[in-house]
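Q: Quick one: structure below, then a few questions.
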Amino acid sequence: MALHVIVGAGPVGTATARLLTERGERVRMVTRRGTGPEDPAVERIAADAADPARLTALTEGAVALHNCANPAYHRWATDWPPLAAALLTAAERSGAVLATVGNLYGYGPVDAPMTEANPLAATGTKGRVRNRMWADALAAHRAGRARVTEVRGSDYIGVGGVSLAMMVLPRVLAGKRVFLPVDWDAPHTWTYVPDVARTLVAAATDPRAWGRAWHVPSAPATSMRDVAERTAARAGAPAPRLTRMPYPVLWAAGVVNPYARELRETAHQFAGPFVLDSTAATETLGIEPTPLDRIIEEIVAGLRTPSAR
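Just so we're aligned: 484 in the working numbering is position 78 of the sequence shown, and the numbers increase by one with no gaps anywhere.
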């Protein structure tokens, strides 16, 4: 059984651990408090992953080091650099493939479907932080010091996913009005959390995937209004009541709310079409996206379960 080390026990880290244990692999999950799935096949370790010596020791003998960490949204500029440096150091010293869960922030505003060939042109803080992480990892790969890959998805959808959609849908099923700074009718790509895990594991274990980034195979883009309406219909809930918040309201909210302040940088993602092209991963890694209707069935079932609320 191969050993995989996972840093982070959020939705993607947990989904990755479950996928690997189902395949009979050994999993060591590293978090500050030793959290993670309560599974005898998952070894949960309490450690500071930003400590390169400690993380290297925990990664010795592993085939892959999966970066599924996610520092607090408003602390990326301070928390990501030391953590990313420790992850890369551990990969270099242990020989494990560094497989990182990225996102689309690094591209900045775009006006066409995004591919992995898009320039990393972000000018905002969060986008530049992610771009520096990838540039450092890629430089180590090209110098022969490490083997690295990255998978990038759009806004997560599905039980446990963290995105505006997953903030909206519980309110829709409760029959409440939703007031957000989004274009409800713009096509938008939604990425299913288990599809992220499948792509991450495939990229970490397939030498063809090393040295480049991959977009997570995701269902065809559709608007948030469509997702809300299909979810309401599946649940037998009233038609969604969706209102667009003017951008100045979001800006004003950011004066007192750090999360709202951070959303200013990525507001473009919901102001118009935001479409991901994931053809490359499907063709090379053989991963097909989970159909949206199946995801919606899971969401409705999960939101009806008290523990999922």
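Idealized CB from N, CA, C, for every residue including glycine.
For His621, does the count of other Cβ atoms within 10 angstroms reach 16, so buried, or fall short, so exposed?
A: Classification of His621: buried, given that the 10 Å Cβ count is 16 or more.
Q: Measure the alpha-carbon distance for Thr649 versus Gly566 and round it to whole angstroms.
A: Cα to Cα, Thr649 sits roughly 25 Å from Gly566.
Q: Could you tell me which whole alpha helix (DSSP H) segments of length 4 or greater appear in the region 443 to 508?
A: The region 443 to 508 contains these whole alpha helix (DSSP H) runs: 458 to 465 and 482 to 500.
Q: Tell whether a beta-carbon distance below 9 Å holds between Thr672 and Tyr562.
A: Cβ atoms of Thr672 and Tyr562: not closer than 9 Å.
Q: Out of Val413, Gly430 and Glu635, which one is the CA nearest neighbour of Gly442?
A: Measuring from the Cα of Gly442, the nearest candidate turns out to be Val413.
Q: Go to Ala686, then tell me how far its alpha helix (DSSP H) extends in each direction, as first and last residue.
A: Counting along the chain, the alpha helix (DSSP H) containing Ala686 begins and ends at Thr685 to Leu691.
Q: Would you kindly report the start and end of the unbroken alpha helix (DSSP H) that includes Asp612?
A: Here Asp612 belongs to no alpha helix (DSSP H), and DSSP marks it neither H nor E.
Q: For the beta strand (DSSP E) containing Asp561, name the first residue and the last one.
A: First-last of the beta strand (DSSP E) with Asp561: Asp561 to Ile563.
Q: Any idea what DSSP makes of Thr696, helix, strand or coil?
A: Of the three classes helix, strand and coil, the one that applies to Thr696 here is coil, per DSSP.
Q: For a quick check, are the C-beta atoms of Thr427 and Thr685 less than 9 Å apart?
A: It is not a contact, given that the beta carbons lie outside the stated cut-off.
Q: Spell out a yes or no on whether the region 529 to 543 and the region 688 to 702 are touching, meaning 3 or more CB-CB pairs, one atom from each, closer than 8 Å.
A: No, because fewer than three Cβ pairs between the region 529 to 543 and the region 688 to 702 fall closer than 8 Å, the two stretches do not touch.
Q: Looking at Val411 and Thr495, is the spacing between their C-beta atoms short of 9 Å?
A: Cβ distance not < 9 Å, so Thr495 and Val411 don't count as in contact.
Q: Less than 9 Å between the C-beta atoms of Gly508 and Glu449, yes or no?
A: No; because the gap between Cβ atoms is not below 9 Å, this pair is not in contact.
Q: Put Asp625 into one of helix, strand or coil per three-state DSSP.
A: Note that residue 625 is Ala in the sequence shown, not Asp. Three-state DSSP puts Ala625 in coil, outside helix and strand.
Q: Could you say which of Thr420, Ala423, Ala483 and His594 lies nearest to Leu682 if we only look at CA atoms?
A: The residue with the shortest Cα to Cα distance from Leu682 is His594.
Q: Where do the N-terminal and C-terminal ends of the beta strand (DSSP E) with Leu586 fall, by residue?
A: Where Leu586 is concerned, the enclosing beta strand (DSSP E) stretches over Val584 to Leu586.
Q: I'd like to confirm the pairing. Which residues does DSSP put opposite Ile412 in its beta bridges?
A: DSSP lists Met435 and His472 as partners of Ile412.
Q: DSSP three-state call for Leu682: helix, strand or coil?
A: Of the three classes helix, strand and coil, the one that applies to Leu682 here is strand, per DSSP.
Q: If you draw a straight line from the C-alpha of Val418 to the C-alpha of Thr437, how long is it?
A: When rounded, the distance between both Cα atoms is 13 Å.
Q: The beta strand (DSSP E) spanning Trp596 covers which residue range?
A: Looking at the DSSP string, the run of the beta strand (DSSP E) that includes Trp596 is Trp596 to Tyr598.
Q: Are there 16 or more other CB atoms within 10 angstroms of the CB of Ala527, so buried, or fewer, so exposed?
A: That one is exposed.
Q: Would you call Asp601 buried or exposed, if buried means 16 or more other Cβ atoms sit within 10 Å of its Cβ?
A: So Asp601 counts as buried.
Q: If I measure Cβ to Cβ from Thr688 and keep anything under 8 Å in the same chain, skipping five residues before and after, which residues do I get?
A: Cβ neighbours of Thr688 beyond the five flanking positions: Pro623, Glu694 and Pro695.
Q: Does Ile412 have its Cβ less than 9 Å from a Cβ in chain B?
A: The structure shown contains no chain B, having only a single protein chain.
Q: Report the residue from Val588, Arg548, Ala608 and Arg636 whose alpha carbon sits nearest the alpha carbon of Met651.
A: For the residues Val588, Arg548, Ala608 and Arg636, the minimum Cα distance to Met651 belongs to Val588.
Q: I'd like to confirm the pairing. Which residues does DSSP put opposite Met407 in its beta bridges?
A: Paired residues: none, contrary to the question.
Q: When you compare the CB positions of Ala641 and Val706, do they come within less than 9 Å of one another, or not?
A: Taking 9 Å as the Cβ cut-off, Ala641 and Val706 qualify as a contacting pair.
Q: Note down the Cα distance separating Met630 from Val607, rounded to an integer number of angstroms.
A: Looking at the two C-alpha atoms, the distance is approximately 29 Å.
Q: Name the residue from Gly708, Phe676 and Ala459 whose alpha carbon lies nearest to the alpha carbon of Pro515.
A: Measuring from the Cα of Pro515, the nearest candidate turns out to be Phe676.
Q: Quick one: grab the DSSP three-state call for Glu716.
A: Coverage of the chain is limited to positions 407 through 715, which leaves residue 716 absent and any answer about it impossible.
Q: Opposite Leu579 in the DSSP bridges: which residues?
A: DSSP output for Leu579 lists no bridge partner at all.
Q: Please state whether DSSP places Arg718 in a helix, a strand or coil.
A: Any answer about residue 718 is impossible in this case: the structure gives the chain only from 407 up to 715.
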